[in-house]
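Undergrad: This is the structure I have questions about; it appears just below.
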Amino acid sequence: MHGRLKVRTTEEQRLLKEKEQQKKLTAYQTGMKQILSTRNPTSYDPKSFAISAQLLVVNPDIYTLWNYRKEVILLELDKSKSECKDTIIDNGICDEKSQESLDVTKGLIKFLENEIRLTEQCLLANPKSYGSWHHRYWIMEHHPEPNWQNEFELCTKYLTMDDRNFHCWDYRRLILNKIGMSLEDEIKFSTERINVNFSNYSSWHYRSTLRKLDKDSLESEINLIMNAIFTDPADSSAWFYLRWVLSNPEMTEGHRKQLSQTLDQLLELEPDSKWCLLAKCWINGIKKGENMNEDQIEELTENYKKLLILDPLRKGFYSHYLNALESKKLNNA
Amino acid sequence: MAVPLKDIEIKEEYPKTLLLEKHIKFIKQYGQSENDFEYGMTDYLRVSGMYWGLTALELVDKLDSLPKEEVIGFIQKCQDPETGGISACIDHDPHLLHTLSAVQILCIYNRIDAIDVEGVIKYVASLQLPDGSFTGDKWGEVDTRFSFCAVATLSLLKRLNAINVDKAVEFVKSCMNFDGGFGSRPKSESHAGLIYCCLGFLSVTGRLDIVEQDTLAWWLCERQLSSGGLNGRPEKLPDVCYSWWVLSSLSIIGRLHWISSETLKRFILACQDTESGGFADRPGDIPDPFHTLFGLAALSLLGFGDIKQVNPTYCMPQYVIDRLQLKPQVLK
Ligand SMILES: [Zn+2]
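Chains W and F, in that order, give the protein sequences.
First residue of the first sequence? That's 10 in the working numbering, and the numbers climb one at a time after it.
First residue of the second sequence? That's 107 in the working numbering, and the numbers climb one at a time after it.
Right, dumping it as structure tokens:
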């Protein structure tokens, strides 16, 4: 129930719509009844199986229907196993000895490929359906000859269409475990996605999960961030990433100084950039344990006061730090 | 190539006051008949839908306008005698999401005796995996949403000890991200809905100590946009339900005051449907019981006098949580 605009309709349109809706509802209820009443543990009704696909394409959230289809797939896997005259390997695949066995395996694969196509159809209509993604992975796990490479390419394709779809990122991670992509390739992929669109929080997040930053990688990450924030200082993604990078124990005083100077340059161009001011506060406020001298406290206080005015929505947040500075001042005095 | 910020405009004509009577009517009418299109087409989420409507009504003290015995009878029929789990609807399959909703409803009604409690406990415990995570049902989908459902259900039944809590905490902890937030699985992107689930989980299990309080609170308060509404992830549109996930999360970690409650109130009130009643995700969209509950619950956390106090961890009336003598952890 998201993003459905309420539209004004005439009485005539309303009646027409109601009629259509009644038709759809009846079709849904009859379909469900047919499927659920023929459901049993030992066999399945091909007609019900076909109806369940139709209903899922319209609404992939009917979770019981995915379960029903999984039961049917398990039946098919069992059938394939028992039809194999030769030794059985795994997942219902036959030892490639007789033509007959080959046919059985082929039939099973065709069945599973159909199922994969169904999830693709569902995902194209609704790329955020938990049920479709899980079903797809489940089939792949039960597939005698899973083509993980194909799944991987599908992920890349989907992420090009919507680089914020977290289901797809999650699926990509599952597949990486299967095909063993190299870390370098994935870092390259996230850099590519970020360069296409700096304002892509998902890619920055993905990057953060790939490795622990060391001295060398820290340097290159700082450069990437600087590049992003100079391109669009108002975009938040890179700033979140910066905060994380700043918390890295490998950060040196030199890094901080360099960053601070770059931020000063940016502030000259964009004196009202709240992100830039906030980042300055992080850099200077990072040495929590150490005693700050009066000038440092003064500068931080100034920055937070500016932030209060620039970003009144988060007044409570900035006041929190102002209060902390205030008590620090009292302690120092 | 600056990308314009995604937000909506709050227009002057949008409602500014709480249309309480209209919402009561909206919820009462919703689900009068299986022949109603919206209602009939959503039987696959019926029990959770009942929880949304029923909790919304109880928050405005109108629960007695629903047929209590009918609701309880329906839930009884949704319990699977074999596994003990509860399904969305008769003849559908048991699932942890609906098991929690059912238990929440029965706790509000103070009628937990109506179902096979041991069955529910057995069901929840059966879904924990060796790494501490939970699947939503027997088909293996793992998600931190289910970790929350599991501990919320068990704690309402006073049987948290039926699972390995330490392992469960370990899994949730492994889902913490660079920004202090949480995702659905290890390394999954932070998302306000899942942050709520993980904080709710840690609140129930008393393990909020593992949270990076101020890092996370900053990420959460940055969800507020100029319209006053909150989004669920950076660069997304504001939405009433996300307003609840973010607000309850901030509330659990003691940083509710880090956002502007006046502007948020304005946004939530603007999402009311002045004709039919109910709240939509955004102004001008079609309202539904889901957003109506979360709209009202968010207003309750913001201190709206006409709405009963809601508990941020369980999204249930506070008096019910008190009656059960539960004390979910919150941070200062
Ligand atoms: Zn929503």
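The beta carbon of each residue, even a glycine, is placed where N, CA and C say it ideally should be.
Note that the coordinates shown come from a computational prediction; the quantities given were computed from them, not determined experimentally.
Grab the span of the alpha helix (DSSP H) containing residue 395/F for me, first residue to last.
TA: 395 to 407 is the span of the alpha helix (DSSP H), which, as asked, contains residue 395/F.
Undergrad: Residues around ligand 1, please: the condition is that the C-beta lies closer than 5 Å to some non-hydrogen atom of it.
TA: Going along the chain, the residues that qualify are 345/F, 347/F and 387/F.
Undergrad: Taking just the CA atoms, how far does residue 218/F sit from residue 255/W?
TA: In a straight line, the C-alpha of residue 255/W is about 50 Å away from that of residue 218/F.
Undergrad: Mind checking the segment 312 to 325 of chain W against chain F and listing, in chain order, the residues whose C-beta falls within less than 9 Å of any C-beta there?
TA: Going along the segment 312 to 325 of chain W in chain order, one finds 321, 322, 323, 324 and 325 with a Cβ nearer than 9 Å to chain F.
Undergrad: Could you say which of 234/F, 410/F, 142/F and 379/F lies nearest to residue 397/F if we only look at CA atoms?
TA: Out of 234/F, 410/F, 142/F and 379/F, 379/F has the C-alpha closest to the C-alpha of residue 397/F.
Undergrad: Does residue 417/F pass the burial test, meaning 16 or more other C-beta atoms within 10 Å, or should it be called exposed?
TA: It counts as buried.
Undergrad: Going by alpha carbons, who is nearest to residue 110/W out of 130/W, 88/W, 301/W and 192/W?
TA: Of the listed residues, the one whose Cα sits closest to residue 110/W is 88/W.
Undergrad: Under 8 Å: do the segment 270 to 290 of chain F and the segment 192 to 201 of chain W share three or more Cβ pairs, one atom per stretch?
TA: No, because fewer than three Cβ pairs between the segment 270 to 290 of chain F and the segment 192 to 201 of chain W fall closer than 8 Å, the two stretches do not touch.
Undergrad: Does the beta carbon of residue 210/W sit closer than 7 Å to a beta carbon anywhere in chain F?
TA: It does: the Cβ of residue 210/W has a partner Cβ on chain F nearer than 7 Å.
Undergrad: Under DSSP, the alpha helix (DSSP H) around residue 205/W begins and ends at which residues?
TA: Residues 192 to 205.
Undergrad: Does any residue of chain F have a CB that is nearer than 7 Å to the CB of residue 217/W?
TA: Chain F, which has a Cβ nearer than 7 Å to the Cβ of residue 217/W, makes this yes.
Undergrad: Are the CB atoms of residue 444/F and residue 162/F nearer to each other than 7 Å?
TA: There is simply no residue 444/F to check, as chain F begins at 107 and stops at 438 in what is shown.
Undergrad: Strictly below 8 Å CB to CB, what residues from chain F border residue 245/W?
TA: Correct list: 328, 340 and 341.
Undergrad: Would you call the segment 279 to 297 of chain F and the segment 405 to 412 of chain F touching, i.e. three or more CB-CB distances under 8 Å?
TA: With a cut-off of 8 Å, the segment 405 to 412 of chain F and the segment 279 to 297 of chain F do not count as touching, because too few Cβ pairs lie within range.
Undergrad: Would you say residue 390/F and residue 132/F are within 7 Å of each other, going by their C-beta atoms?
TA: Not a contact, by the Cβ cut-off of 7 Å.
Undergrad: Is residue 354/F closer than 7 Å to residue 336/F when the C-beta atoms are compared?
TA: The answer is no: Cβ separation not under 7 Å.
Undergrad: Pick helix, strand or coil for residue 336/F, following the three-state DSSP scheme.
TA: Reduced to three states, the DSSP call for residue 336/F is strand.
Undergrad: Leaving out the 5 sequence neighbours to the left and right, which residues in its chain are closer than 8 Å to residue 82/W when beta-carbon positions are compared?
TA: 120, 121, 124, 148 and 151, listed in sequence order.
Undergrad: Exposed or buried, what is residue 264/F when buried is set at 16 or more other beta-carbons lying within 10 Å of its beta-carbon?
TA: So residue 264/F ends up on the exposed side.
Undergrad: Hey, how far is the Cα of residue 206/W from the Cα of residue 144/W?
TA: If I take the Cα positions, the gap works out to 31 Å.
Undergrad: Do residue 201/F and residue 154/F come within 7 Å of each other at the CB atom, strictly closer than that value?
TA: For residue 154/F and residue 201/F, no; Cβs fall outside 7 Å.
Undergrad: May I ask you to report which of helix, strand or coil DSSP gives residue 107/F?
TA: The pLDDT assigned to residue 107/F is 37, lower than 50, so where the model puts this residue is not dependable; a value taken from the coordinates is nonetheless given after this. The answer is coil: DSSP assigns residue 107/F none of H, G, I, E or B.
Undergrad: Shorter than 7 Å from the beta carbon of residue 108/F to some beta carbon of chain W?
TA: The predicted model places residue 108/F with a pLDDT of 44, which falls under 50 and marks its position as unreliable; any figure quoted below should be read in that light. Yes - at least one Cβ of chain W is within 7 Å of the one on residue 108/F.
Undergrad: Let me know the secondary structure DSSP gives residue 241/F once reduced to three states.
TA: Looking at residue 241/F - three-state DSSP - the assignment turns out to be strand.
Undergrad: If you draw a straight line from the C-alpha of residue 172/F to the C-alpha of residue 136/F, how long is it?
TA: Each residue's Cα considered, the two are about 11 Å apart.
Undergrad: DSSP three-state label for residue 248/F, please.
TA: Strand at residue 248/F.
Undergrad: Is it the case that the Cβ atoms of residue 34/W and residue 159/F are separated by a distance below 7 Å?
TA: It is not a contact, given that the beta carbons lie outside the stated cut-off.
Undergrad: Quick check: the Cα distance between residue 181/W and residue 426/F, rounded to an integer number of angstroms?
TA: Roughly 42 Å separates the two Cα atoms.
Undergrad: Taking the Cβ atom as the reference point for each residue, do residue 142/W and residue 188/W lie within a distance shorter than 7 Å?
TA: Against a cut-off of 7 Å, the Cβ pair of residue 188/W and residue 142/W comes out as no contact.
Undergrad: How long is the line joining the alpha carbons of residue 108/F and residue 179/W, rounded to whole angstroms?
TA: Because residue 108/F carries a pLDDT of 44, less than 50, the predicted location of this residue cannot be relied on, and the following value inherits that uncertainty. Near 28 Å, if we compare the C-alpha coordinates of residue 179/W and residue 108/F.
Undergrad: Could you work out which residue in 422/F, 375/F and 138/F is closest to residue 442/F when comparing CA atoms only?
TA: Any property of residue 442/F remains undetermined from this structure, which presents chain F solely from 107 to 438.
Undergrad: According to DSSP, residue 192/F sits in a beta bridge with which residue or residues?
TA: DSSP lists 185/F as partners of residue 192/F.
Undergrad: Quick one: what does DSSP say residue 41/W is sitting in, helix, strand or coil?
TA: Correct three-state label for residue 41/W: helix.
Undergrad: Give the interface partners of residue 182/W over in chain F, defined as CB-CB distance under 9 Å, in chain order.
TA: 291, 292, 293 and 294, listed in chain order.
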